[in-house]
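Colleague:
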Amino acid sequence: TAVEIQQIRRKLPEWVAASVPFAEGGKVASYIPELAGAPHDALGITLINADGDLITEGSCGRRFTVQSISKLFTLILALMDIGEDRVFEKVGMEPTGDNFNSVLKLELVRPGIPFNPLINAGAITVSALIRGSDPEEKTERILQFMRALANNDHLRVDLDVYRSEADTGNLNRSIAYLLKQNKVLDGDVEEVLDVYFRHCSIAVDCADLARMGLVLACNGTDPLTGKSLIPRRYVQIAKTFMTTCGMYNASGEFAIQVGLPAKSGVSGGILSLVPGRYGIGVYGPALNNKGNSQAGVHLLEIMSRELNWSMF
Ligand code: GLN
2 TAVEIQQIRR
12 KLPEWVAASV
22 PFAEGGKVAS
32 YIPELAGAPH
42 DALGITLINA
52 DGDLITEGSC
62 GRRFTVQSIS
72 KLFTLILALM
82 DIGEDRVFEK
92 VGMEPTGDNF
102 NSVLKLELVR
112 PGIPFNPLIN
122 AGAITVSALI
132 RGSDPEEKTE
142 RILQFMRALA
152 NNDHLRVDLD
162 VYRSEADTGN
172 LNRSIAYLLK
182 QNKVLDGDVE
192 EVLDVYFRHC
202 SIAVDCADLA
212 RMGLVLACNG
222 TDPLTGKSLI
232 PRRYVQIAKT
242 FMTTCGMYNA
252 SGEFAIQVGL
262 PAKSGVSGGI
272 LSLVPGRYGI
282 GVYGPALNNK
292 GNSQAGVHLL
302 EIMSRELNWS
312 MF
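Going by full-length UniProt numbering, the sequence shown opens with residue 2, and the numbers climb by one from there.
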């Protein structure tokens, strides 16, 4: 509502300022130099609603790579490409309680299928399901899809981040080969990993995330262009995974403290949404020990409490 927009505009500077100090206890991802160089106490947020009102506060101009947030869009694209039945032959629907890059449960479950599509093992499996004759074509299709959702033709792969991800991704490589050995992954393992590293390295800003979140908030239709971009059923699946698995092994706590669908990435981005109302993009590179933006989560907690946003 207009009243709520006004309240957000008035209070957001205060809420952001109150959240910035929480970055202090966090750590910027340091496994590659491109992420390690991110500003430790940066915090930015953009919200956009179905009327196109845009609210932005803090360090929002900065671009960053989507990292795990891309897992949402590869899941949706795979669902659109090959349908629900075939996707869920390859990945499960349950949270793991383990770290996002864990190999622990890959040997133990059924024929070794990943628990869900938002952990690394699940997302690597999903990368193999995207239509396209080679990694370039698959990546291009993922990019085109994300460009349509963000309404931004300029989205690109950050090649420096991509090369570093590919050079240092030994754990992801181990996961992929284990999946190949277990016959979960078909095709050339290095090509699948190439698609995965590339889609993790797509650069965005808070406004891009907010716009993509708005499409999910509006069940797959961009309310500002009227374009129908995702079938409603697949948005429902994606939002359910966001709620149960989107913040890794802190998804339960996030559901209690914030109560909104969200997906985080290791560069400090969070894509969230208020169903039917707002798309939200947050950036705060200092992470807590679960790999979520420390200040970003705090900011969403304040907003959800103050504005009574929890779905529950
Ligand atoms: N590129 C990262 C990885 O594969 C993405 C994970 C994340 O954002 N948590 O480890």
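Ideal Cβ placement from N, Cα and C applies to all residues, glycine included.
#1: Can you list, in chain order, the residues of its chain with a C-beta nearer than 6 Å to that of Cys266? Leave out the 5 residues immediately preceding and following it.
#2: Can you pull the DSSP bridge partners for Lys264?
#3: Could you check whether the Cβ of His299 sits closer than 9 Å to any Cβ belonging to chain D?
#4: With a cut-off of 8 Å on the beta carbons, I'd call residue 383 and Gly282 a contact; round off their distance for me.
#5: Report the residue ranges of all alpha helix (DSSP H) runs contained in full by the stretch 141–200; include only those spanning at least 4 residues, in chain order.
#6: Residues in its own chain within less than 8 Å of Cys219 by CB, not counting five upstream and five downstream?
#7: For the beta strand (DSSP E) that contains Leu48, what are its first and last residues?
#8: Sorted by chain position, which residues of the same chain lie with C-beta nearer than 6 Å to Leu303's C-beta, five sequence neighbours on each side aside?
#9: Answer with buried or exposed for Asp86, where buried requires no fewer than 16 other C-beta atoms within 10 angstroms of its C-beta.
#10: Mark Leu172 as exposed unless 16 or more other C-beta atoms lie within 10 angstroms of its C-beta, in which case mark it buried.
#11: Could you work out which residue in Asn153, Leu180 and Lys139 is closest to Thr75 when comparing CA atoms only?
#12: Between which residues of its own chain and Ala24 is the CB-CB distance below 7 Å, once the five residues before and five after are set aside?
#13: Verify the contact flag: Gln68, CB atom, against every heavy atom of the ligand GLN, threshold strictly below 8 Å.
#14: Are there any heavy atoms of the ligand GLN lying less than 8 Å away from the beta-carbon of Leu76, as far as the coordinates show?
#15: Can you tell me where the beta strand (DSSP E) holding Thr57 begins and where it ends?
#16: Give a single yes or no on whether residue 1 has its beta carbon closer than 8 Å to a heavy atom of the ligand GLN.
#17: Report buried or exposed for Asn290, applying the criterion of at least 16 other Cβ atoms within 10 angstroms of its Cβ.
#18: Considering Cα atoms alone, identify which of Ser311, Asn183, Ala149 and Val88 is closest to Glu254.
#19: Return the residue from the list Pro118, Ala151, Ala167 and Glu90 that minimises the CA-CA distance to Thr241.
#20: Cβ of Val92 within 8 Å of any heavy atom in the ligand GLN?
#21: Can you give me the C-alpha to C-alpha distance between Arg63 and Asp206, rounded to a whole angstrom?
#22: What is the rounded straight-line gap between the Cα of Val104 and the Cα of Arg11?
#23: Beta-carbon separation of Gly292 and Phe101 under 9 Å?
Modeller: So, to answer that:
#1: Stepping through the sequence shown from its first residue, residue 266 is reached at position 265. Per the sequence presented here, residue 266 reads as Gly, with Cys not at that position. The answer, listed in chain order, is Val67, Gln68, Ser69 and Ile70.
#2: Position 263 of the sequence shown, counting from 1, holds the residue named residue 264. In DSSP, Lys264 forms a bridge with Leu272.
#3: This model lacks chain D altogether; it includes just one protein chain.
#4: What is shown of the chain runs 2 to 313, which leaves residue 383 out entirely.
#5: Segments of the alpha helix (DSSP H) lying fully in the stretch 141–200: 160–169 and 171–182.
#6: Within the sequence shown, the letter at position 218 stands for residue 219. Within the same chain, Cys219 has close Cβ partners Ala51 and Gly277.
#7: Here residue 48 refers to the residue found at position 47 when the sequence shown is read from its first residue. Gly45 to Asn50 is the span of the beta strand (DSSP E), which, as asked, contains Leu48.
#8: Indexing the sequence shown from 1 puts residue 303 at position 302. Here residue 303 turns out to be Ile, not Leu, going by the sequence shown. Around Ile303: Trp16.
#9: Residue numbering aside, residue 86 sits at position 85 when the sequence shown is read from its first letter. Under this definition Asp86 is an exposed residue.
#10: Along the sequence shown, one-based indexing puts residue 172 at 171. Exposed.
#11: For this step, residue 75 is matched to residue 74 along the sequence shown. Closest by alpha carbon: Lys139.
#12: Here residue 24 refers to the residue found at position 23 of the sequence shown. Excluding residues within five positions, the ones whose Cβ falls inside 7 Å are His41, Asp42, Leu44, Gly285, Ala287, Gln295 and Ala296.
#13: Position 67 of the sequence shown, counted from the start, is the residue given in the question as residue 68. At least one heavy atom of the ligand GLN is nearer than 8 Å to the Cβ of Gln68, so yes.
#14: Taking the sequence shown and counting its residues from 1, the one referred to as residue 76 is at position 75. No; taking the cut-off as 8 Å, the Cβ of Leu76 has no heavy atom of the ligand GLN nearer than that.
#15: Taking the sequence shown and counting its residues from 1, the one referred to as residue 57 is at position 56. Looking at the DSSP string, the run of the beta strand (DSSP E) that includes Thr57 is Leu55 to Gly59.
#16: What is shown of the chain runs 2 to 313, which leaves residue 1 out entirely.
#17: Within the sequence shown, the letter at position 289 stands for residue 290. That one is exposed.
#18: In the sequence shown, residue 254 corresponds to position 253, counting from 1. Comparing Cα-Cα distances from Glu254 to each of Ser311, Asn183, Ala149 and Val88, the minimum goes to Ser311.
#19: Position 240 of the sequence shown, counted from the start, is the residue given in the question as residue 241. Nearest C-alpha to Thr241: Pro118.
#20: For the purposes of this step, residue 92 is taken as residue 91 along the sequence shown, with counting starting at 1. Between the ligand GLN and the CB of Val92, the shortest heavy atom gap is not smaller than 8 Å.
#21: Along the sequence shown, one-based indexing puts residue 63 at 62. Along the sequence shown, one-based indexing puts residue 206 at 205. Cα to Cα, the separation comes out at about 6 Å.
#22: Counted from its first residue, the sequence shown places residue 104 at position 103. Counted from its first residue, the sequence shown places residue 11 at position 10. Val104 and Arg11 have their C-alpha atoms roughly 46 Å apart.
#23: Along the sequence shown, read from residue 1 onward, the residue named residue 292 stands at position 291. Along the sequence shown, read from residue 1 onward, the residue named residue 101 stands at position 100. Against a cut-off of 9 Å, the Cβ pair of Phe101 and Gly292 comes out as a contact.
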